[in-house]
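Protein chains in written order, with this note's numbering: chain Z, 1002 to 1142; chain F, 1002 to 1142; chain G, 1002 to 1142; chain Y, 1002 to 1142; chain L, 1002 to 1142.
For each residue, glycine too, the CB sits at the ideal point set by N, CA and C.
Computed from a prediction, not measured in an experiment: that's the story for all the values here.
Notes follow the structure.
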Amino acid sequence: MFKIVKKALDDSMEPGIKLERYTVPGVKDLPIACKKLLEKQKCDICMALGMPGDQPIDKTCAHEASQGLINTQLQTNKHIIEVFIYLDEGKDKKELYKITKNRTYDHTINAIALLKSKNKLQKLAGKGIRQGSKNVGIIKE
Amino acid sequence: MFKIVKKALDDSMEPGIKLERYTVPGVKDLPIACKKLLEKQKCDICMALGMPGDQPIDKTCAHEASQGLINTQLQTNKHIIEVFIYLDEGKDKKELYKITKNRTYDHTINAIALLKSKNKLQKLAGKGIRQGSKNVGIIKE
Amino acid sequence: MFKIVKKALDDSMEPGIKLERYTVPGVKDLPIACKKLLEKQKCDICMALGMPGDQPIDKTCAHEASQGLINTQLQTNKHIIEVFIYLDEGKDKKELYKITKNRTYDHTINAIALLKSKNKLQKLAGKGIRQGSKNVGIIKE
Amino acid sequence: MFKIVKKALDDSMEPGIKLERYTVPGVKDLPIACKKLLEKQKCDICMALGMPGDQPIDKTCAHEASQGLINTQLQTNKHIIEVFIYLDEGKDKKELYKITKNRTYDHTINAIALLKSKNKLQKLAGKGIRQGSKNVGIIKE
Amino acid sequence: MFKIVKKALDDSMEPGIKLERYTVPGVKDLPIACKKLLEKQKCDICMALGMPGDQPIDKTCAHEASQGLINTQLQTNKHIIEVFIYLDEGKDKKELYKITKNRTYDHTINAIALLKSKNKLQKLAGKGIRQGSKNVGIIKE
């Protein structure tokens, strides 16, 4: 997943973005790793990349990680973009790879946008856009 | 959903309300965005607008976002009105739009009321009022 | 529910109790409202009155509200007595009203007791007492 | 349950242990009560005694209480031993009483051990010991 | 489980690692114990070893413990490696022991790696590695 982030960053041709990487054993170790990156390494934003398994216990772990990531954001006053791909999201490894690639790529673009301004993503709001899977479309009167 | 908020504000004819908008990729990014609006932009109240999907994972995301929004309120000492519409709340897109419009509109009115005084909503309490869907009615002796 | 609290207070004939009321749109708005009452209005105790719906999403909302209320207590070092009545607790509106009345009334008495001393409720402990519904009785050797 | 704690303390013949009691309406009121005991009454450890009902809502309440008790420990830097007995743990009142007595008694001994040193319980670790119910045994190569 | 940690540490031949042990009654007592080890004993990292039972209530306890452990990490700015083995993970005691041994051993190696640098585990990332059970493999284009 890190390679996809790197490619999206390269493609964006944003100048002056420096990338720090922190590898942890599992998704539940992500909150503290992000906190260290945001506070000690003075990063401006984090992407929390993880691929939880397909068992009930893995969903629980991911849920706990997500709660921790939200708390970390509130403690650091910075965004963390969570990019979790569940092993049961795709019907086979090929589809899973595609979801992984799209979601990670799109969320890297989102992360860059959030760094720029709070309205950068405005034109995409309310369009039912889902990163890595089919969009759900717009609803209107 | 933002347009509906804007319309409700215009209809209310409340003078001197300034509106700030912050667009994020998903509902789990709302807590930190609200925190920034309440603390850095010095907003007095937030409306957290989101439309979670209809899958179990989407419910979990919304649950995590809601917990984060409550924590954000406790940290900032300000109200955040959560307006989430679930994609499976309506039987079709038309009904979904209606729920979205009503709930968002009504909660904008609620937000204005909360800004004014802690008793502004008193006359509506205990009436079983549900924003965006059928009211459940009053119970009495 | 507020009227029942008021009646219980009147019946208790406790002198010098001043009552503040804060009305919010939904149960998830209760934690921040209680925090404001306890901190800004310098209330000594709160009663959080709510009537969540009977859908799964309503249970989730109530769960989030309850977690927020516990956090609020830990932040303010004061008690909040949660009085939630679920719309599916009674088989009809009449039974629901009875539960509402009993639970709210009894918890108002509990709130007064907690204000007085940490041992005021001691004689009722371990009796299987349930506010608003049938008591479950005592267990013994 | 308080009587069982008292008996276990007496049986332990530990000198100089002073016991403070705080009675609350329900398990969700335990976190704030423990916080007051640990901070204001300067207690060194708490035992949170509760007997949640057998309905789904009671499990949710106990879950919220447990989360609150863990947060309270992290805020006060002191142990709280949670002793919850669920009304559906025993097949009848007699069995329930036995579980209650054993779990409460054993956890009182645990509380005394934790007060003494961080290694006092070491010889019991990894033995599959369950307070109040059948032990699950040891696993080995 | 402690013996396995000790063996992994010995095998690693890392010089100068000092080991502190803290034994608690159950997994829900781990967060406060870790906090004390990280803050008062000035440990650099914790391993939280636990073996929750196979009942629903045990899963809930482990979930609460996990949330508490993540909060503890955010409060202390240090890693805690959670090593929980569920009694229903293995089909018999022999398999359970094997999972326990592998997961505990591997996570001890992870803990040592995290102490050294944030990139020490980098070469293992995205390989679908699961401590104590079958790896799930890599996904690629």
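Strictly under 8 angstroms for the Cβ-Cβ distance: is residue i near chain L by that measure?
{"i": "K1102(Y)", "result": "no"}
{"i": "S1067(Y)", "result": "yes"}
{"i": "L1031(Y)", "result": "no"}
Just to check my reading of the structure: residue i and residue j have Cβ atoms closer than 8 angstroms, yes? What is that Cβ distance to the nearest angstrom?
{"i": "E1083(Z)", "j": "S1067(Z)", "result": "6 angstroms"}
{"i": "A1112(F)", "j": "I1046(F)", "result": "5 angstroms"}
{"i": "K1124(Z)", "j": "A1114(Z)", "result": "That pair is no contact at about 10 angstroms."}
Is residue i helix, strand or coil when you go by DSSP?
{"i": "L1088(Y)", "result": "coil"}
{"i": "L1050(G)", "result": "strand"}
{"i": "E1015(L)", "result": "coil"}
{"i": "I1140(G)", "result": "coil"}
{"i": "E1021(L)", "result": "coil"}
{"i": "I1130(F)", "result": "coil"}
Is residue j closer than 8 angstroms to residue i when the C-beta atoms are compared?
{"i": "G1054(Z)", "j": "N1103(Z)", "result": "no"}
{"i": "G1127(G)", "j": "I1139(G)", "result": "yes"}
{"i": "L1070(Z)", "j": "F1003(Z)", "result": "no"}
{"i": "T1101(F)", "j": "I1081(F)", "result": "no"}
{"i": "N1072(L)", "j": "L1075(Y)", "result": "yes"}
{"i": "M1052(G)", "j": "L1088(G)", "result": "yes"}
{"i": "P1057(L)", "j": "H1108(Y)", "result": "no"}
Counting only beta-carbon separations shorter than 8 angstroms, does residue i have a partner in chain Y?
{"i": "L1075(G)", "result": "yes"}
{"i": "Y1023(L)", "result": "yes"}
{"i": "N1136(G)", "result": "no"}
{"i": "Q1123(G)", "result": "yes"}
{"i": "K1119(G)", "result": "yes"}
{"i": "I1046(G)", "result": "no"}
Is any non-hydrogen atom of the ligand ADP found closer than 7 angstroms to the C-beta of residue i, if you look at the structure I gave you?
{"i": "T1101(F)", "result": "Of the ligands one can find in the structure shown there are none, so the ligand ADP has no counterpart to examine."}
Could you tell me whether any Cβ in chain F is nearer than 8 angstroms to the Cβ of residue i?
{"i": "I1071(Z)", "result": "yes"}
{"i": "P1026(G)", "result": "yes"}
{"i": "A1126(Z)", "result": "yes"}
Please report whether the beta-carbon of residue i lies at a distance below 8 angstroms from any beta-carbon of chain G.
{"i": "N1037(F)", "result": "According to the sequence provided, residue 1037(F) is Lys. The question's Asn does not apply to it. No, its Cβ sits nowhere closer than 8 angstroms to a Cβ of chain G."}
{"i": "E1083(F)", "result": "yes"}
{"i": "L1097(F)", "result": "no"}
{"i": "A1034(F)", "result": "no"}
{"i": "K1094(Y)", "result": "yes"}
Does any residue of chain Z bring its CB to less than 8 angstroms from the CB of residue i?
{"i": "T1061(F)", "result": "yes"}
{"i": "M1002(F)", "result": "yes"}
{"i": "Q1056(L)", "result": "no"}
{"i": "I1140(L)", "result": "yes"}
Discussion item. Check whether the stretch 1029 to 1037 of chain Y and the stretch 1006 to 1019 of chain Y touch, using three or more Cβ-Cβ pairs below 8 angstroms as the test.
Written reply: no
Worksheet item: Is it a yes or a no for the stretch 1062 to 1079 of chain F touching the stretch 1011 to 1024 of chain G, going by three-plus beta-carbon pairs under 8 angstroms?
Response: no
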